[in-house]
Amino acid sequence: MPIAPYRAVLQWRIRTTRFQAEKKVFSFGQSDIVIYKQDHKSKCYCQPSSFEYEDNENCFVEKEGINNPFTVKRIQVWKMEDTQEHKEQDERKEKWGDDFNKYESKLRTVVNEIYGQYLTYNNEICVAAFSAICTGTTESAENVWGSKTPYLVSVKSEGDKLSPTYSSTVTFSKTQFISIMKDLGVSIDSKADLSDIIGKSKTTKAGTVLKIKIDSEEISGSDMRQAFSLRSPAFKITTTENEVTFNVNGYGHGVGMSQYGANYMAEKGSKWREILEHYYCDVEIDKVDFSG
Numbered sequence: 560m561p562i563a564p565y566r567a568v569l570q571w572r573i574r575t576t577r578f579q580a581e582k583k584v585f586s587f588g589q590s591d592i593v594i595y596k597q598d599h600k601s602k603c604y605c606q607p608s609s610f611e612y613e614d615n616e617n618c619f620v621e622k623e624g625i626n627n628p629f630t631v632k633r634i635q636v637w638k639m640e641d642t643q644e645h646k647e648q649d650e651r652k653e654k655w656g657d658d659f660n661k662y663e664s665k666l667r668t669v670v671n672e673i674y675g676q677y678l679t680y681n682n683e684i685c686v687a688a689f690s691a692i693c694t695g696t697t698e699s700a701e702n703v704w705g706s707k708t709p710y711l712v713s714v715k716s717e718g719d720k721l722s723p724t725y726s727s728t729v730t731f732s733k734t735q736f737i738s739i740m741k742d743l744g745v746s747i748d749s750k751a752d753l754s755d756i757i758g759k760s761k762t763t764k765a766g767t768v769l770k771i772k773i774d775s776e777e778i779s780g781s782d783m784r785q786a787f788s789l790r791s792p793a794f795k796i797t798t799t800e801n802e803v804t805f806n807v808n809g810y811g812h813g814v815g816m817s818q819y820g821a822n823y824m825a826e827k828g829s830k831w832r833e834i835l836e837h838y839y840c841d842v843e844i845d846k847v848d849f850s851g
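Counting in my numbering, the sequence shown runs from 560 upward without gaps.
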């Protein structure tokens, strides 16, 4: 699948707060890239190796007033060798086939255009959260992670419902359902009627399940999503005598930018700045001064 312009912007400038990789070095821009590696629950951040850095546990990085707000697990530097660049190019050629030159040219052009730019809110670097497909309305960070983030609030995302993978269903036998719920700390009598076991749920305007009552216990939507490997926490449950079916909308947590929605906006003529400012409310787009 080709990388659209907004995706390239996300990859290089914004997704630096999301990127997770093992010894990954981009083949664009300067040859040395610092990758701040963190645990799986945190974010990462990239910047040119000309910036100051320390190879310490749990440190912060500062250079000319530019602060990295994320607690860093470890910082390392790898110098990109020509052989590595050629290997990555070979991988892209294999993936893109006859379209390699077109996609490569597009990607390099966009990366060069936005290189060094980043999102801020009140002079702090933003956590540019994103998901693949939202429900048609993005979710507020507060409803997913428990704390308010003023630029990660619910907004409309037209086009998501047009995705061919917008909806999904997953069905479990009664035995499977009871077993998984037991892992969540809920004991269900095997003779119980499933329709009596599944209670009411509390949902947000985006459709995210905050809480759902299963038997006599309240379980969070995120815990249900993880336990049953659902594509998102926006789901409804139907039952038969021996089966439980999850009807799921969207793909991902739904906070921040929707990739499918952003692509839809781009197809309708929106520029990358418009897209970012739509999904990340009241943010500013700043640029690092590399001359110092």
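Note that CB positions come from ideal geometry on N, CA and C, so glycine has one too.
As the structure is a prediction and not an experimental result, all values here were calculated from the model.
Where residue i sits in the DSSP three-state scheme
i, result
"residue 692", "strand"
"residue 686", "coil"
"residue 858", "Since the first and last residues shown for the chain are 560 and 851, residue 858 lies out of range."
"residue 602", "With a pLDDT of only 33 at residue 602, under 50, the local geometry of the prediction cannot be trusted, and no value is derived from it."
"residue 725", "coil"
"residue 830", "coil"
"residue 738", "helix"
"residue 711", "coil"
"residue 650", "helix"
"residue 717", "coil"
"residue 586", "Interpretation of residue 586 is limited by its pLDDT of 32, a score under 50 that renders its predicted location unreliable; the figure taken from the coordinates is listed afterwards. Looking at residue 586 - three-state DSSP - the assignment turns out to be coil, as it is neither helix nor strand."
"residue 732", "strand"
"residue 754", "helix"
"residue 836", "helix"
"residue 822", "helix"
Beta-carbon separation (whole angstroms), residue i vs residue j, contact threshold 8 angstroms
i, j, result
"residue 807", "residue 690", "13 angstroms between Cβ atoms; not a contact."
"residue 749", "residue 757", "The Cβ separation is near 15 angstroms, so there is no contact."
"residue 679", "residue 845", "5 angstroms"
Test item: CB-CB of residue i and residue j under 8 angstroms
i, j, result
"residue 753", "residue 778", "no"
"residue 692", "residue 722", "yes"
"residue 740", "residue 773", "yes"
"residue 687", "residue 700", "no"
"residue 793", "residue 766", "yes"
"residue 658", "residue 695", "no"
"residue 791", "residue 811", "yes"
"residue 759", "residue 769", "no"
"residue 677", "residue 684", "yes"
"residue 805", "residue 729", "yes"
"residue 697", "residue 716", "yes"
"residue 725", "residue 820", "no"
Range covered by the beta strand (DSSP E) that runs through residue i
i, result
"residue 759", "757-762"
"residue 806", "802-808"
"residue 701", "It is not in any beta strand (DSSP E) - residue 701 instead sits in the alpha helix (DSSP H) that spans 700-704."
"residue 747", "Segment: none, residue 747 is in no beta strand (DSSP E) and carries neither H nor E."
"residue 677", "676-680"
"residue 799", "Counting along the chain, residue 799 falls outside any beta strand (DSSP E), and DSSP gives it neither H nor E."
"residue 770", "768-773"
Any non-hydrogen atom of the ligand NAD closer than 7 angstroms to residue i Cβ
i, result
"residue 696", "What this structure holds is no ligand at all, so the ligand NAD is not there to describe."
Host alpha helix (DSSP H) of residue i (start-end)
i, result
"residue 666", "659-673"
"residue 781", "780-787"
- Message: Quick test of the definition: if touching needs 3 or more C-beta pairs under 8 angstroms, does the segment 705-722 touch the segment 830-839?
- Response: Yes, since at least three Cβ pairs between the segment 705-722 and the segment 830-839 fall closer than 8 angstroms, the two stretches touch.
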